[in-house]
DNA sequence: GATGAATGAGGCTTCATTCAT
DNA sequence: AATGAATGAAGCCTCATTCAT
């Protein structure tokens, strides 16, 4: 999986489940006990499937084969589980951004970015829906306010860095439009239309940015 | 307010609060009792502010100055309040779509549509957030599945009707892209960025569609 | 239907539904409005089917096609409906007892009584079950305490009058045994055994009392 | 207390309160927590006194000095408390039946059975009334349908085993009559007559079965 | 006679969290 | 690290009853 594999506001770097299993072992979650790990994994799945408010601690206990006491040994509260899940992803996003330095032609960077995002979108519907759900549910949104903002600026800067190479003057506007298109498509694909022509839309988007011409007036 | 004043998936025709008050009197909700009316109004507000799951029936009772018993006299359940709110808006959307027949040049129709939507977006943030919240919260999404789909196709057809006049061959794709842009901007404005340059983005979008050139290969 | 058609503690004189319809018109319920009548009828049915506590006033309203206000116009409370139902039956029992004067041979009176009771038992299961339900549910039992006692002594005296003609000395004991047998069979038939050989048991009982010999020591 | 100390449909093997306290410790309920135990005990008492529908969970909590949450930690629902109470008694009945093997003369077995039942009847009025109340209340009857049937056949088989030794040909009929007499007397004693001559009736019954003569035509 | 809006107490159940072991 | 008993607040909903019309 590419290092640039996430850049969206509602878009994230990688399969969330992976985060709490094999791939994270070694740099962030290395000291995390197996059981704590399992709780995060199951909680992520349940929050995505049922929503945060509709997932009870007992639900998590049962599915994770863990006692209530143990969960409260590892986590201060239900909220803190959510925060930890989000933080894990955010941290990874930061790390990956730091690591990603491409010397490619900017338009190709855009194309590659688009392809990565669309690929994730298809493979991790549930996790993207979790992100949406959390961002639009006032209660959870409040809890994760800062992280949401942090991620947004992270993404914006990533994109703007690319557009700066295309048109310094319009890079802000271009970034906003680009992110809006990506997010709008994601939203429509995930939650609005029943049979969304994701491939067709993707081709259109790639063509648009591959041959982008800026009128610098 | 123009008759075409809403066409979005996460976009709706008019201020929701209005629906349950003055403007509906006379054609749809004419027989609705004052108290029932009040409950719908307050429930809409609270659902938007706190989310459906975090709004209790007692919250609604208190703010609406109504007894618990009365709510259950008028509504079968908490869910049914949500459904009634949504149905009210959906019905109005249908009605308005039926009524709207523009003979204008298609590109101008698009421009007008964009302006209407952006105007609403600025004036009804809470209600748009309610829509998003409901669509991404698995529990509420399930409850309103059919209406969400109905609205999506309603909007799509409206937009496609316009693009059909521009390019029959590409009208599907153009419609999907147009809606994605609108929804993406709404999403970013409402829930992602702290200080979103809505006016700048709006100008860009208007320019794009005002001078739209289609390459019909 | 014979005049002696009920003598049981858990046994009553006649089909309860009849009481609130045609047959009563003319002597007890003559002034009862149709709607009140209907309420009593439906309430009896619902109490029998679901129990007193599990039948709500709204249930009765709906099934009787009557408004809540009207029920409270005719009846002081839910309890008072139950009381009125019971009183109707009790009054009829009293009236019938007064009217029944048989000059038959006492053993034949017993046989006739047995046959009447068994016949009712088969035709009015629901109503007998209502009686049982009410007598053993502490809350309803309390409400109808006096009537239950009144009915018991009414029945006992009826039976004892017959046994007095057979053996003055043992008539009390014989009456208690007779009533116990009748009630026990009813109970077993109505509520204990799945496939009760009612006919076989009835024949046995009839034979026992037809050829009754008393050892008057 | 004899091992055969109960065989009735509305009759059970032993003091219910005992079941949840001292006597069970050691073989069935040994692992049951004190609090759960207390809840069953109190619930039994309250259901008997006020009926199932008229006993609220709060009533039970208060009398058992236990929190609402704890009850739901131990029991799935209010219904499940009732089921557990009933199951406890049913299991004991099964166990005792298995254990009881009498080599006595059959008529003496009947006499002994009668004496045991009458003794219980006098000492456990409340519990017998609970059984009746549950069997005749449609809602609770439904919940315990299977157990009621199981108990009925258990009792019937016990009694029939005895009568088989007296008259194979008539053992079915004799069993039904015997059970009806027992149940009828119980019913009359518990719920119909104010001052029931239980001793007199008991003597009569004992005499009847001690000197039973069967006409085997 | 008749309606149904309105009330408020109370019922069952769920849940996050704490704590002794 | 791990368990699960225990708590109490809060949630949704039902219900008998009253009252203005």
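Chains as they are written, first to last, in full-length UniProt numbering: chain P, 1 to 217; chain L, 1 to 217; chain Y, 1 to 217; chain W, 1 to 217. Where a beta carbon is used, it is the ideal one built from N, C-alpha and C, also for glycine.
Check	Outcome
Cβ neighbours of residue 85 of chain W in the same chain (closer than 7 Å, five flanking residues each side left out)	40, 43 and 44
Boundaries (first-last residue) of the alpha helix (DSSP H) holding residue 211 of chain P	Looking at the DSSP string, residue 211 of chain P is not in any alpha helix (DSSP H), and its letter there is neither H nor E.
Residue range of the unbroken alpha helix (DSSP H) whose run includes residue 66 of chain W	Where residue 66 of chain W is concerned, there is no enclosing alpha helix (DSSP H), given that its DSSP letter is neither H nor E.
Sequence-distant residues of its chain with Cβ nearer than 7 Å to residue 210 of chain L (five each side left out)	107 and 111
Cβ neighbour criterion (16 or more within 10 Å) applied to residue 149 of chain P	exposed
CB contact flag (residue 170 of chain W, residue 163 of chain W, <9 Å)	yes
Under 9 Å between C-beta atoms of residue 139 of chain Y and residue 50 of chain W	yes
Contact set for residue 204 of chain L: own chain, Cβ-Cβ below 7 Å, skip 5 residues either direction	none
Validate contact between the stretch 172-192 of chain P and the stretch 127-137 of chain P using beta carbons, cut 8 Å, 3 pairs	yes
Where the alpha helix (DSSP H) through residue 184 of chain Y begins and ends	171-187
Residues in the stretch 104-133 of chain Y having any Cβ partner in chain W nearer than 7 Å	129, 132 and 133
Short Cβ contact (9 Å threshold) for residue 143 of chain Y with residue 94 of chain Y	no
Cβ distance (whole Å) where residue 136 of chain Y is taken to contact residue 191 of chain W below 8 Å	6 Å
CB of residue 59 of chain Y within 9 Å of CB of residue 38 of chain Y, strictly	no
Same chain, Cβ closer than 7 Å to residue 61 of chain P, neighbours up to 5 away in sequence not counted	67, 68 and 71
Exposure of residue 145 of chain P, with buried meaning 16 or more beta-carbon neighbours within 10 Å	exposed
Beta-carbon proximity check, residue 152 of chain P vs residue 133 of chain L, cutoff 9 Å	no
Residue 99 of chain W burial status per 10 Å Cβ neighbour count (16 or more: buried)	exposed
Length at least 4, wholly inside the UniProt domain "HTH tetR-type" (33-93) of chain L: the alpha helix (DSSP H) runs in chain order	34-50, 57-64 and 68-74
Cross-chain neighbours of residue 221 of chain P in chain L, by beta carbon under 7 Å	Any property of residue 221 of chain P remains undetermined from this structure, which presents chain P solely from 1 to 217.
Within chain Y, partners of residue 57 of chain W - CB distance below 7 Å	In chain order: nothing, as chain Y lies at least about 15 Å away.
Among Y/198, Y/196 and Y/180, the one whose alpha carbon lies nearest that of residue 196 of chain W	Y/180
Span separating the alpha-carbon of residue 53 of chain P from that of residue 53 of chain L	7 Å
Between the CA atoms of residue 63 of chain L and residue 160 of chain L - distance to the nearest angstrom	42 Å
Selected residue, minimal CA-CA separation from residue 114 of chain L, among L/47, L/168, L/182 and L/157	L/182
Per-residue burial, residue 76 of chain L [other beta carbons within 10 Å of its own, 16 or more giving buried]	exposed
Residue 148 of chain L at chain P interface by Cβ criterion, 9 Å	yes
Cβ of residue 136 of chain P within 9 Å of any chain L Cβ	yes
Chain-ordered neighbours of residue 191 of chain W on chain Y, where CB pairs are closer than 7 Å	135 and 136
Minimum C-alpha distance to residue 156 of chain P - residue among P/200, P/33, P/173 and P/207	P/173
Chain W within 9 Å of residue 180 of chain Y, Cβ atoms only	yes
Contacts that residue 218 of chain W makes with chain Y (C-beta to C-beta distance below 7 Å)	Summary: the structure shown does not reach residue 218 of chain W, with chain W confined to residues 1 through 217, and so no result is reported for it.
Length of the line joining the Cα atoms of residue 176 of chain P and residue 73 of chain L	48 Å
Members of the UniProt domain "HTH tetR-type" (33-93) of chain P near chain L, C-beta cut-off 7 Å	49, 50, 51, 53 and 54
Separation of residue 198 of chain W from residue 88 of chain W, as counted between CA atoms	29 Å
For residue 36 of chain L and residue 80 of chain L, the rounded distance between their alpha carbons	12 Å
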